[in-house]
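Enquirer: Residue numbers (the numbering used here), protein chains in the order written: chain A, 1 to 271; chain B, 272 to 542.
We put the beta carbon where it would ideally sit given N, CA and C, even for glycine.
Just so it is clear, the structure is predicted and the values come from calculations on it, not from any experiment.
Submitted below is the structure of interest, expressed as structure tokens.
Protein chains: 2
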Amino acid sequence: MIRVNVTYVICLLSDGIVGIVMIQIIGLEGLPIIREGDDLAELICIGAEGQGVHIEDGDVLVITHVVVSRAEGNVVDLDSVEPSEFAKSLGERLSKDPALVEVVLRQSKSIVRMGDGNIICETMHGFVCANAGVDRSNVPGERNVVLLPVDPDVSARRIRMKIRELTGKDVAVIISDTHGRPLRDGQINVAIGVAGIDPVRNRMGEKDLFGYVLRVKRIAVADELASAAELVIGQADEGIPVAIIRGYAYPRSEEARATKLIRPREKDLFI
Amino acid sequence: MIRVNVTYVICLLSDGIVGIVMIQIIGLEGLPIIREGDDLAELICIGAEGQGVHIEDGDVLVITHVVVSRAEGNVVDLDSVEPSEFAKSLGERLSKDPALVEVVLRQSKSIVRMGDGNIICETMHGFVCANAGVDRSNVPGERNVVLLPVDPDVSARRIRMKIRELTGKDVAVIISDTHGRPLRDGQINVAIGVAGIDPVRNRMGEKDLFGYVLRVKRIAVADELASAAELVIGQADEGIPVAIIRGYAYPRSEEARATKLIRPREKDLFI
Chain A
1 MIRVNVTYVI
11 CLLSDGIVGI
21 VMIQIIGLEG
31 LPIIREGDDL
41 AELICIGAEG
51 QGVHIEDGDV
61 LVITHVVVSR
71 AEGNVVDLDS
81 VEPSEFAKSL
91 GERLSKDPAL
101 VEVVLRQSKS
111 IVRMGDGNII
121 CETMHGFVCA
131 NAGVDRSNVP
141 GERNVVLLPV
151 DPDVSARRIR
161 MKIRELTGKD
171 VAVIISDTHG
181 RPLRDGQINV
191 AIGVAGIDPV
201 RNRMGEKDLF
211 GYVLRVKRIA
221 VADELASAAE
231 LVIGQADEGI
241 PVAIIRGYAY
251 PRSEEARATK
261 LIRPREKDLF
271 I
Chain B
272 MIRVNVTYVI
282 CLLSDGIVGI
292 VMIQIIGLEG
302 LPIIREGDDL
312 AELICIGAEG
322 QGVHIEDGDV
332 LVITHVVVSR
342 AEGNVVDLDS
352 VEPSEFAKSL
362 GERLSKDPAL
372 VEVVLRQSKS
382 IVRMGDGNII
392 CETMHGFVCA
402 NAGVDRSNVP
412 GERNVVLLPV
422 DPDVSARRIR
432 MKIRELTGKD
442 VAVIISDTHG
452 RPLRDGQINV
462 AIGVAGIDPV
472 RNRMGEKDLF
482 GYVLRVKRIA
492 VADELASAAE
502 LVIGQADEGI
512 PVAIIRGYAY
522 PRSEEARATK
532 LIRPREKDLF
542 I
């Protein structure tokens, strides 16, 4: 991405001539290395202030799950793990660390497929992804791995509430992870936890440009927001674990959960 | 999305104190209804100028396939279609217009699944999606449907070249469609044609925040850009068929095609 040195971004608003529909994706930099027990919401608010980006009502905060799990202490030292016989045999077959395999198995409700050095799992939450989301990157310590948050929706809710408490602002929070997907190559960022937003926008019944009523249009906006955020969130050494998306009127919901995005295999027409 | 009346957006740049990583997604409004033979690239340039958004080097233009196909005359009047016996029997079984089923079959290389009123197809290009991408919405005329462009990469290339010719600017072009996907509910916008951009960013070998070498990180950035654009592109009556994404340093490529994003079923571990 392009890094610009910006002292001020001033928008002169008036009842002007031209209407521009614009959404901004702002990368939050300069957060400290997140450790167990850190108050992530507070650090995000401090970081945003320090960067001159004041959190506003209607902002969508996309947070990479790794920092959420690190703050929640959801990190495992592989040296402390005793792999089962099954994990050992799998590890050998897949050329994978047996302790890592053991952690992946413990995080899985079921195994979808194995092969090619990968274990595609159904996580405890129901997400289908490689290695049950167990991640080796962006974790301090040679032998540490980070797990998915125990309940990413609860984590998102907690962060959202704390941000409201600290700033008085009503935001949506999305916790994201980068997943591979069936049939298409490459990984994309998706939502694994949400708060304050309905992850699916239902456009059924709305009319198109020519008055034709849209038959089926259920847009997974939380996934699209997570993907948009990935464009600035550092996957490698960039150190941007949080993006603020500003200017998108998301469907509000106090109850919706990211697990709404999971389609049960038995209902799936694609596979 | 939030519509703001903006006369000017002034960015005061200096070698300032704070560095902000920011990407903008700008919706292009006010394009005329696109008809067969229209020069879409020219209309986009005129529209951008009229809106005060000057096309810049490094912009990513995401264009919804419907306007590309309309400009290319890739629209079919269902009344002109003679459905086969198979299309008739399928239509009855799926409660679908047999002429529409006939068009869908003609656009398909193979059928993946049928049921629940849907036909999941592998298109001639190799994309797996509902109804082979044949779309009833945002097409003028009660009985008209729009097909996917014959070769969306070629369409993207043509538009990119024309924009360069008209403005002297080097942009990336992504042609998008909204697809359902396996295992996750809701549709997202994905790339079906690209020009000037490698749809996959390969981060393998890059190091994370703690010096750990990323093992597998192939990010489908073209899909993420398409999803980001959908946040402003009008799916219903909003009339925004084009988004300009500004500030994202995409991987450049003169050769890459969107078909690179297709993972052959036999190589798929997820299904």
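Closest to D441(B) by C-alpha separation, out of V375(B), V331(B) and L314(B), would be which residue?
Expert: Nearest option by C-alpha distance: V331(B).
Enquirer: Only counting the same chain, and skipping five residues up and downstream in sequence, which positions put a Cβ closer than 7 Å to that of H65(A)?
Expert: Counting only Cβ-Cβ distances below 7 Å, and skipping sequence neighbours, we find L148, P149, P152, I175, S176, D177 and I192.
Enquirer: Checking contacts by CB at 8 Å: is A220(A) closer than that to chain B?
Expert: Closer than 8 Å: yes.
Enquirer: Can you give me the C-alpha to C-alpha distance between M114(A) and H54(A), rounded to a whole angstrom?
Expert: M114(A) and H54(A): Cα-Cα distance of roughly 46 Å.
Enquirer: With a threshold of 6 Å on Cβ separation, who are the neighbours of I334(B) within its own chain once the five nearest residues in sequence on each side are excluded?
Expert: Same-chain partners within the cutoff: I446 and V513.
Enquirer: If you check the beta carbons only, do I297(B) and I515(B) fall under 8 Å apart?
Expert: Yes, they are a contact pair.
Enquirer: Note down the Cα distance separating G117(A) from V134(A), rounded to an integer number of angstroms.
Expert: Taking the straight line from one Cα to the other gives about 14 Å.
Enquirer: Label A527(B) either buried or exposed according to how many other C-beta atoms from any shown protein chain fall within 10 Å of its C-beta, with 16 as the threshold for buried.
Expert: By the neighbour-count rule (16 or more Cβ atoms within 10 Å), A527(B) is buried.
Enquirer: Are the Cβ atoms of A71(A) and I34(A) separated by less than 8 Å?
Expert: It is a contact, given that the beta carbons lie within the stated cut-off.
Enquirer: Within 8 Å, do at least three Cβ pairs link the segment 216 to 228 of chain A to the segment 154 to 162 of chain A?
Expert: In short, these stretches do not touch, since the Cβ pair count stays below three.
Enquirer: Return yes when the Cβ of V375(B) is within less than 8 Å of the Cβ of P354(B), no when it is not.
Expert: The answer is no: Cβ separation not under 8 Å.
Enquirer: At 4 residues or longer, and completely inside the segment 94 to 178 of chain A: list those alpha helix (DSSP H) runs for me, N to C.
Expert: 98 to 106 and 152 to 167, all fully within the segment 94 to 178 of chain A.
Enquirer: Would you say E501(B) lies against chain A (beta-carbon separation less than 8 Å)?
Expert: It does; some Cβ of chain A falls within 8 Å.
Enquirer: Are the C-beta of E224(A) and some C-beta of chain B separated by less than 8 Å?
Expert: Yes, because at least one Cβ of chain B sits closer than 8 Å to the Cβ of E224(A).
Enquirer: Taking 8 Å as the threshold (beta carbon to beta carbon), is M204(A) in contact with chain B?
Expert: No, M204(A) lies away from the interface with chain B (no Cβ there is under 8 Å from its Cβ).
Enquirer: Rounded to whole angstroms, what's the CA-CA distance from V468(B) to T438(B)? Just pull it up for me.
Expert: Before going further, note that residue 468(B) is Ile rather than Val in the sequence given. The alpha-carbon atoms of I468(B) and T438(B) are separated by roughly 19 Å.
Enquirer: Check R252(A) in the structure and name its three-state DSSP category.
Expert: Strand at R252(A).
Enquirer: Check each candidate in E142(A), F127(A) and D208(A) and name the one with the smallest Cα separation from G272(A).
Expert: No answer is possible for residue 272(A): the residues shown for chain A start at 1 and end at 271.
Enquirer: Taking its Cβ as the centre, do 16 or more other Cβ atoms sit within 10 Å of S360(B), making it buried, or is it exposed?
Expert: Exposed.
Enquirer: Look at the alpha carbon of I511(B) and the alpha carbon of I504(B), and state the distance between them as a whole number of angstroms.
Expert: Distance between the alpha carbons of I511(B) and I504(B) is about 5 Å.
Enquirer: Is it true that the CB of N138(A) sits closer than 8 Å to the CB of L480(B)?
Expert: Closer than 8 Å, so yes.
Enquirer: For A228(A), I'd like the list of residues in its chain whose CB is within less than 7 Å of its CB, leaving aside the five on either flank, ordered along the chain.
Expert: Only I25 and I245 meet the Cβ criterion.
Enquirer: Out of I382(B), D350(B) and A497(B), which one is the CA nearest neighbour of D368(B)?
Expert: Of the candidates I382(B), D350(B) and A497(B), the one whose C-alpha sits nearest the C-alpha of D368(B) is D350(B).
Enquirer: Are the C-beta atoms of N131(A) and some chain B residue less than 8 Å apart?
Expert: With 8 Å as the cut-off, N131(A) does not count as an interface residue toward chain B.
Enquirer: Taking the continuous alpha helix (DSSP H) assigned at G50(A), which residues delimit it?
Expert: Segment L40 to G50, the alpha helix (DSSP H) holding G50(A).
Enquirer: If you follow the alpha helix (DSSP H) that V68(A) is part of, which residue opens it and which one closes it?
Expert: Taken as a continuous stretch (DSSP letters only), the alpha helix (DSSP H) holding V68(A) covers H65 to A71.
Enquirer: Could you name the residues of chain B that I188(A) contacts, counting a contact when the two beta carbons are closer than 8 Å?
Expert: Near I188(A) (Cβ distances below 8 Å), the residues of chain B are I490, A491, D494, E495 and S498.
Enquirer: Report back the beta-carbon spacing between S379(B) and C400(B) to the nearest angstrom; my notes put them in contact at under 8 Å.
Expert: In fact, because the Cβ distance is near 10 Å, the residues do not count as touching under 8 Å.
Enquirer: For D185(A), does the count of other Cβ atoms within 10 angstroms reach 16, so buried, or fall short, so exposed?
Expert: That one is buried.
Enquirer: What does the Cβ neighbour count give for P199(A), buried or exposed, with the cut at 16 atoms within 10 Å?
Expert: Answer is buried; the Cβ neighbour count reaches 16.
Enquirer: Which two residues bound the contiguous beta strand (DSSP E) that contains V503(B)?
Expert: Segment: none, V503(B) is in no beta strand (DSSP E) and carries neither H nor E.
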